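The structure appears below as structure tokens.
Residue numbers (my numbering), protein chains in the order written: chain A, 2 to 270; chain B, 32 to 408.
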């Protein structure tokens, strides 16, 4: 496995994505919300774009923006590894993207990720964090640790479903971030089972799930096909987190302002 | 010669084994540890007993020791803990890297907050050195380091104005809860899972309650029977809460919320009271455990266990470090061989045997040395 001498500077790849993303998100801003047709995501990231229901699944976020022009997001789950130039992880990237997209909105990101934590433990802690931080939205990266720890899919489903219901009762929206990807995990039946369980729950509960697994799978595929100047595992991982940040920012803006946005356009040839 | 088994060493050994098991998420046996039957868990016990041991160090282990020497000794201990944290963190990173290479699976490089180490080592190594970047399940020792850095100040107050030790700690604790003071993580933004500014209250409670002839420690010993009667209902409720998921809704409590919710990061008052109740009741247990260890027939089973637990407790730093690495090994083994009761049993048994061997090795090494002041804590 090649090892990159890591840099704290954004890569060319990240920069290109950032430009494309910001232009896309600006189109989703409040002033043009109802008529906005969001720009396509960068080619690399398109396949993993989040699925949105016909109705806005983020009513509390929409209300917060309308009333206060302030959005409080609680980030839970495994702490992501990618560190940006300013320090901090993908949550800071999301914060910056949202503030650019939602002009005049103060986005406050409360990062309370604990690495290695199972969904059951995170669920108990999340209730306290919701009480203390009073977020409008919870961004929950969930599933990877449970899959690696071989937690039974039924137990996992019960925890996640109960937690989503609890959040809904407390008028807090939720966006789930799904499992991380490695090609080897495609052969792991339990890993795939947890991923599919998460998909099923989110469909039943009508909540947004960011398909991180697919996003990184696409980056991996593009890299292997030579479509991307991506050299090794770490850069692929970094690209995956960049896509993840794009998806989250996009999901939030679309979830708030577009009641029936079409799926993103197919990748540009 | 190592000291004979006592309650502090025994319970510390118990806490070390429990932490080892709790730190292998998904483990079958993790469903039967203290955390499943109590609001407080083994981490609370470990920190409280660390404070208890601080009393022995601060008092000079029965010898009259100048204040300056005590300060240096405590600061030296903090450095020793820091060195241990740096060492086990580097070993854990190497274990993750080796496993990722052997299994050709880069996902393992993302595990337990390790991704930042591999992906962005420049800022992350600074974070590792200053303890603002902690791997998952390697966050207890950084707490202990900070507590030990605070220890000289508490020991100094204890020597100069002993009545103010507990009030000073309590005042800090109240400020932390009222203003939600905590320590940040960096470069990955967040806060410490164990907030040392709050957890110092448990540490100082251990320190003050360990003193038998003065203050809170003397009061507790005088009224222990009444306190146990008062504590018993709290312990029972503490069992029912996790068992039946009766966690109160934290959004419904009044402000300042941290005074009323049950939270581990800030070791909030309800958790603290439940823990103190638990030790008030459980302090009775060692008497019966020792009786069982000397009883006919029973002693063949109980005495070696008591001896082993106490031996782990006497060598807690070595055992804790090995236990942390064994927990990570256990996770890797479970991942590699698909977690099952058989695999989990092998993980637990081999882990405890290796922890016991480590303690035995440490004591063997001490036995071969010329006589030196007994190490505690």
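Glycine included, every Cβ here is placed at the ideal spot set by N, Cα and C. For clarity, every value in this text was computed on a predicted model and none was experimentally measured.
Worksheet item: Which residues, in order along the stretch 57-72 of chain A, keep a beta-carbon less than 9 Å from a beta-carbon of chain B?
Response: none
Practice prompt. Run the CB neighbour count on residue 190 of chain A, radius 10 Å, all protein chains shown included, and call it buried at 16 or more, exposed below.
Written response: exposed
Worksheet entry | Distance, residue 67 of chain A Cα to residue 61 of chain B Cα | 46 Å
Worksheet item: Given a threshold of 16 other Cβ atoms within 10 Å of its Cβ, counted over all protein chains shown, does residue 52 of chain B qualify as buried or as exposed?
Response: buried
Item to complete: With DSSP collapsed to three states, give me the class of residue 277 of chain B.
Response: coil
Worksheet entry | residue 35 of chain B to residue 305 of chain B span [Cα, whole Å] | 30 Å
Worksheet item: Would you say residue 250 of chain A faces chain B, with C-beta separation under 8 Å as the test?
Response: no
Fill in: Simplified DSSP assignment, three categories, for residue 59 of chain A
coil
Item to complete: Would you grab the beta carbon distance between residue 148 of chain A and residue 180 of chain A for me? Rounded to a whole angstrom, and I think it's under 8 Å.
Response: 6 Å
Practice prompt. Report yes or no: do the stretch 212-224 of chain B and the stretch 108-127 of chain A share at least 3 C-beta pairs separated by less than 8 Å?
Written response: yes
Discussion item. Give the list of continuous alpha helix (DSSP H) stretches no shorter than 4 residues that lie fully inside the stretch 40-123 of chain B.
Written reply: 73-89
Worksheet item: Leaving out the 5 sequence neighbours to the left and right, which residues in its chain are closer than 6 Å to residue 59 of chain B when beta-carbon positions are compared?
Response: 372, 375
Item to complete: Within 10 angstroms of the Cβ of residue 172 of chain A, are there 16 or more other Cβ atoms? Answer buried if so, exposed if not.
Response: exposed
Discussion item. Short of 9 Å Cβ to Cβ, which residues in the stretch 215-238 of chain B face chain A?
Written reply: 216, 217, 218, 219, 220, 221, 222, 224
Discussion item. Along the chain, where does the beta strand (DSSP E) containing residue 151 of chain B start, and where does it finish?
Written reply: Looking at the DSSP string, residue 151 of chain B is not in any beta strand (DSSP E), and its letter there is neither H nor E.
Worksheet item: So what does DSSP say about residue 54 of chain A, is it helix, strand or coil?
Response: Only weak support is given to the placement of residue 54 of chain A: the predicted model assigns it a pLDDT of 48, under 50, and the value that follows is read from those uncertain coordinates. Coil at residue 54 of chain A, not helix or strand.
Worksheet item: Looking at the structure shown, is residue 189 of chain B part of a helix, part of a strand, or coil, going by DSSP?
Response: helix
Practice prompt. Evaluate residue 253 of chain B with the Cβ neighbour count: other Cβ atoms within 10 Å of its Cβ, from every protein chain shown; 16 or more gives buried, anything less gives exposed.
Written response: exposed
Discussion item. Just to confirm the assignment, what range does the alpha helix (DSSP H) spanning residue 156 of chain A have?
Written reply: 154-170
Practice prompt. Please classify residue 163 of chain A: is it buried, with 16 or more other beta-carbons within 10 angstroms of its beta-carbon, or exposed?
Written response: exposed
Fill in: For residue 390 of chain B and residue 343 of chain B, believed in contact at Cβ under 8 Å, the rounded distance
5 Å
Worksheet entry | residue 71 of chain A - partner residues in DSSP beta bridges | A:107
Worksheet item: What did DSSP end up calling residue 231 of chain B once you bin it into helix, strand or coil?
Response: helix
Worksheet item: Mind pulling the chain A residues with CB within less than 7 Å of residue 292 of chain B?
Response: 129, 132
Worksheet item: So what's residue 385 of chain B in DSSP terms, helix, strand or just coil?
Response: helix
Worksheet item: Exposed or buried, what is residue 40 of chain B when buried is set at 16 or more other beta-carbons lying within 10 Å of its beta-carbon?
Response: buried
Worksheet item: Do residue 176 of chain B and residue 118 of chain B have their CB atoms nearer than 8 Å?
Response: no
Worksheet item: For residue 196 of chain B versus residue 185 of chain B, is the C-beta spacing smaller than 8 Å?
Response: yes
Practice prompt. Kindly indicate the opening and closing residues of the beta strand (DSSP E) around residue 131 of chain A.
Written response: Note, residue 131 of chain A: premise wrong, no beta strand (DSSP E); alpha helix (DSSP H) at 120-134.
Worksheet item: DSSP beta-bridge partners for residue 305 of chain B?
Response: Note: residue 305 of chain B sits in no beta bridge, so no partner.
Worksheet item: Mapping DSSP to helix, strand and coil, what is residue 134 of chain B?
Response: coil
Discussion item. Threshold first: 4 residues or longer. Then list the alpha helix (DSSP H) segments lying entirely within the stretch 232-277 of chain B, N to C.
Written reply: 246-253, 255-275
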